[in-house]
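Chemist:
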Amino acid sequence: MTPSSHPILTPVLQTRLPLVGTTVFTRMSALAAQYNAVNLGQGFPDFDCEPALVGAVSEAMRAGHNQYPPMTGAAPLRAAIAAKIAHLYGHEYDAATDITVTAGATEALTTAILCCVHPGDEVIVIEPAYDSYLPAIALAGGVPVPVAMTLNEQGYSVPWDKLAAAVTAQTRLIIINTPHNPTGTILRAPDLEKLADIVRGTQILLLSDEVYEHMVYDGAPHASLSRHAELAARTFIVSSFGKTYHVTGWKVGYVAAPSTMTAEFRKVHQYNVFSVNTPMQHGLASYMMDPQPYLQLPAFYQRKRDLFRAGLAGSRFELLPADGTYFQCVRYDAISQDSEAQFAEWLTTELKVAAIPVSAFYAQGKESGIVRFCFAKRDETLKLALERLRTI
Numbered sequence: 002m003t004p005s006s007h008p009i010l011t012p013v014l015q016t017r018l019p020l021v022g023t024t025v026f027t028r029m030s031a032l033a034a035q036y037n038a039v040n041l042g043q044g045f046p047d048f049d050c051e052p053a054l055v056g057a058v059s060e061a062m063r064a065g066h067n068q069y070p071p072m073t074g075a076a077p078l079r080a081a082i083a084a085k086i087a088h089l090y091g092h093e094y095d096a097a098t099d100i101t102v103t104a105g106a107t108e109a110l111t112t113a114i115l116c117c118v119h120p121g122d123e124v125i126v127i128e129p130a131y132d133s134y135l136p137a138i139a140l141a142g143g144v145p146v147p148v149a150m151t152l153n154e155q156g157y158s159v160p161w162d163k164l165a166a167a168v169t170a171q172t173r174l175i176i177i178n179t180p181h182n183p184t185g186t187i188l189r190a191p192d193l194e195k196l197a198d199i200v201r202g203t204q205i206l207l208l209s210d211e212v213y214e215h216m217v218y219d220g221a222p223h224a225s226l227s228r229h230a231e232l233a234a235r236t237f238i239v240s241s242f243g244k245t246y247h248v249t250g251w252k253v254g255y256v257a258a259p260s261t262m263t264a265e266f267r268k269v270h271q272y273n274v275f276s277v278n279t280p281m282q283h284g285l286a287s288y289m290m291d292p293q294p295y296l297q298l299p300a301f302y303q304r305k306r307d308l309f310r311a312g313l314a315g316s317r318f319e320l321l322p323a324d325g326t327y328f329q330c331v332r333y334d335a336i337s338q339d340s341e342a343q344f345a346e347w348l349t350t351e352l353k354v355a356a357i358p359v360s361a362f363y364a365q366g367k368e369s370g371i372v373r374f375c376f377a378k379r380d381e382t383l384k385l386a387l388e389r390l391r392t393i
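Sequential numbering of the sequence shown, starting at 2, is according to the numbering used here.
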């Protein structure tokens, strides 16, 4: 038989992620587009960033910042990040050894997990949880240990006693998320003390997802783990310029961690993405010289939160607390007994308002009769959605 007569075959891949399919965000956004629905599902703004930020990036391009930056991140941006953390949270990170610029927060989260979780290591995940955590744990060969948040009339909270009970000799990492996606819950100073009590005297590492750090409302401070020296000494802290500056498509984030942890983080980072978009880094560094955009962000989004909550007041939806993030969770059991996925699909196809089922944030799809809306939208977008939601 000649080579050309052999059948052409593609070898079969054994999947590394057998439980992963198309994300709920992709599915609901596609459904929203298909039905011309107001998309309050996926968490991105429908408004643009400030022109000054675009101008800063354009100027960086014209200044010749168009080649590879350092693997760790452009020095001016790392310095700006360290200065911001020191000013806001009182913790001194060395810009050279403790700060790494990443290709968005998801790359930062995945890299942090891959650099420290070995096969068989246990990782405690507080559910509901952002959907990138579990696949990253699986890629590392780790074993996820879910701890469900408590849900009552006051909303969601972390059951620290149950979390402490989940710790074993195999626990390597605990993932924290504050402000919390999808619930809008925030941690406070007493929560940090309870966490410190749990990890004190252990070799457990912490990964703190703080991408919504500048979206904390009603005058509450953001309880960054960097505020707590004992916790900061064992924590990878992750944040996102995309969330802070309304540029989610730029995919630029960062990690702050002690130098020994950062050294291991960078080993994985350099062979994953190596480095991050150069002109955007220099543009962000220049833009960060004025702190007002992120200092004013809580008031900016609190007004949108209050507009959205006021619009649903008196409706058949039950509003849960929204102390942080740009998400509002609501109960709908007075409206329907459908599953969360069914109800979200009905909202999208019939009412023309897209939402995300909170069950999608649980590994086992736990049903609570709750969906999540995103209020990071123009006022006219929110008002149109509210008009439709009030008709139920």
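Virtual Cβ for every residue (Gly too), placed ideally from N, Cα, C.
1. Between residue 169 and the ligand HEM, is there a pair consisting of the residue's CB and a ligand heavy atom that are separated by less than 7 Å?
2. Taking residue 17 as the reference, which of 232, 141, 302 has the closest Cα?
3. Does DSSP put residue 354 in a helix, a strand or coil?
4. So if DSSP puts residue 194 in a beta bridge, which residue, or which two residues, is it bridged to?
5. Let's test the definition: count the other Cβ atoms within 10 Å of the Cβ of residue 253 and tell me whether it reaches 16, buried, or not, exposed.
6. Does the distance from the CB of residue 229 to the CB of residue 258 come in under 8 Å?
7. So for residue 320, helix, strand or coil by DSSP?
8. Of all the options 309, 69, 87, which has the alpha carbon lying nearest to the alpha carbon of residue 233?
9. Would DSSP call residue 136 helix, strand or coil?
10. At which residues does the beta strand (DSSP E) containing residue 399 begin and terminate?
11. With C-beta atoms as the reference, is residue 26 less than 8 Å away from residue 377?
12. Going along the chain, which unbroken runs of the beta strand (DSSP E) with 3 or more residues stay wholly within the segment 93-170?
13. Excluding the five sequence neighbours on either side, which residues of its own chain have a C-beta within less than 6 Å of the C-beta of residue 151, listed in chain order?
14. Check whether the Cβ atoms of residue 132 and residue 249 lie closer than 8 Å to each other.
15. Buried or exposed for residue 210, please, with buried defined as at least 16 other CB atoms from any protein chain shown within 10 angstroms of its CB.
16. Check for me: the alpha helix (DSSP H) holding residue 86 runs from which residue to which?
17. Contact between the segment 53-68 and the segment 363-375: three or more CB pairs below 8 Å?
18. What did DSSP end up calling residue 255 once you bin it into helix, strand or coil?
19. Compute the distance between the beta-carbons of residue 144 and residue 124, then report whether it is under 8 Å.
20. What residues are listed by DSSP as bridge partners for residue 9?
21. Could you spell out where the beta strand (DSSP E) holding residue 209 opens and where it closes?
22. Does the beta-carbon distance from residue 375 to residue 110 come in below 8 Å?
23. Got a sec? Which residues, its chain only, sit under 7 Å from residue 224 by beta carbon, not counting five neighbours each side?
24. To the nearest angstrom, report how far apart residue 284 and residue 353 are at their CA atoms.
25. For residue 374, which residues does DSSP report across the bridge?
26. Going by CA-CA distance only, name the one from 393, 173, 240, 303 that's closest to residue 333.
27. Residues bridged to residue 187 by DSSP?
28. Assuming residue 349 and residue 38 are in contact, meaning their beta carbons sit under 8 Å apart, how far apart are those beta carbons, in whole angstroms?
29. Mind checking who residue 362 pairs with in its DSSP beta bridge?
30. Would you give the residue range spanned by the beta strand (DSSP E) that residue 174 belongs to?
31. Check whether the segment 237-249 and the segment 202-219 touch, using three or more Cβ-Cβ pairs below 8 Å as the test.
32. Taking only three categories from DSSP, how would you classify residue 238?
33. Rounded C-beta distance between residue 322 and residue 155? I'm assuming under 8 Å.
34. Per the DSSP calculation, residue 217 is bridged to which residue(s)?
35. Please list, in chain order, all residues of the same chain as residue 47 whose beta carbon is under 6 Å from its beta carbon, the five residues on each side excluded.
36. From this set, 165, 177, 310, which residue's C-alpha is nearest residue 129's C-alpha?
Modeler: Taking the structure as given:
1. Among the components of this structure there are no ligands whatsoever, and the ligand HEM is therefore not found.
2. For the residues 232, 141, 302, the minimum Cα distance to residue 17 belongs to 141.
3. In the structure shown, residue 354 sits in a strand (DSSP, three-state: E or B).
4. DSSP lists no bridge partner for residue 194.
5. So residue 253 counts as buried.
6. For residue 229 and residue 258, no; Cβs fall outside 8 Å.
7. Here residue 320 carries a strand assignment [DSSP, helix/strand/coil].
8. Among 309, 69, 87, the Cα nearest to that of residue 233 belongs to 87.
9. Here DSSP, grouped into helix, strand and coil, assigns residue 136 to helix.
10. With the chain running from 2 to 393 in the structure shown, residue 399 is simply not present.
11. Going by C-beta atoms, residue 26 is not nearer than 8 Å to residue 377.
12. Runs of the beta strand (DSSP E) inside the segment 93-170: 100-103, 123-128, 144-149, 151-153, 156-158.
13. Closer than 6 Å at the Cβ level, and outside the excluded window around residue 151, lie 158, 160.
14. Between residue 132 and residue 249, the C-beta spacing is not below 8 Å.
15. The residue is buried, with at least 16 neighbouring Cβ atoms inside 10 Å.
16. First-last of the alpha helix (DSSP H) with residue 86: 76-90.
17. Not touching, per the Cβ criterion.
18. Residue 255 falls in the strand class under three-state DSSP.
19. Yes; because the gap between Cβ atoms is below 8 Å, this pair is in contact.
20. Residue 9 pairs with nothing; no bridge assigned.
21. From DSSP, the beta strand (DSSP E) with residue 209 extends over 206-210.
22. Between residue 375 and residue 110, the C-beta gap is not smaller than 8 Å, which leaves the two residues out of contact.
23. When the five nearest sequence neighbours on each side are left out, the beta carbons in the same chain lying within less than 7 Å of the beta carbon of residue 224 are those of 179, 187, 188, 189, 190, 192, 193, in order along the chain.
24. So the alpha carbons of these two residues sit roughly 38 Å apart.
25. Residue 374 is bridged by DSSP to 329.
26. The candidate whose alpha carbon is nearest that of residue 333 is 393.
27. In DSSP, residue 187 forms no bridge with anything.
28. Contact holds; Cβ gap of about 5 Å.
29. Beta-bridge pairing links residue 362 to no other residue.
30. According to the DSSP assignment, residue 174 belongs to the beta strand (DSSP E) that extends over 172-178.
31. With the cut-off at 8 Å, the segment 237-249 and the segment 202-219 touch.
32. Reduced to three states, the DSSP call for residue 238 is strand.
33. The C-beta distance from residue 322 to residue 155 rounds to 7 Å, short enough to meet the 8 Å contact threshold.
34. Bridge partners of residue 217: 325.
35. The residues 378, 379, 382, in chain order, have a CB closer than 6 Å to that of residue 47 in the same chain once the five nearest residues on each side in sequence are set aside.
36. Nearest option by C-alpha distance: 177.
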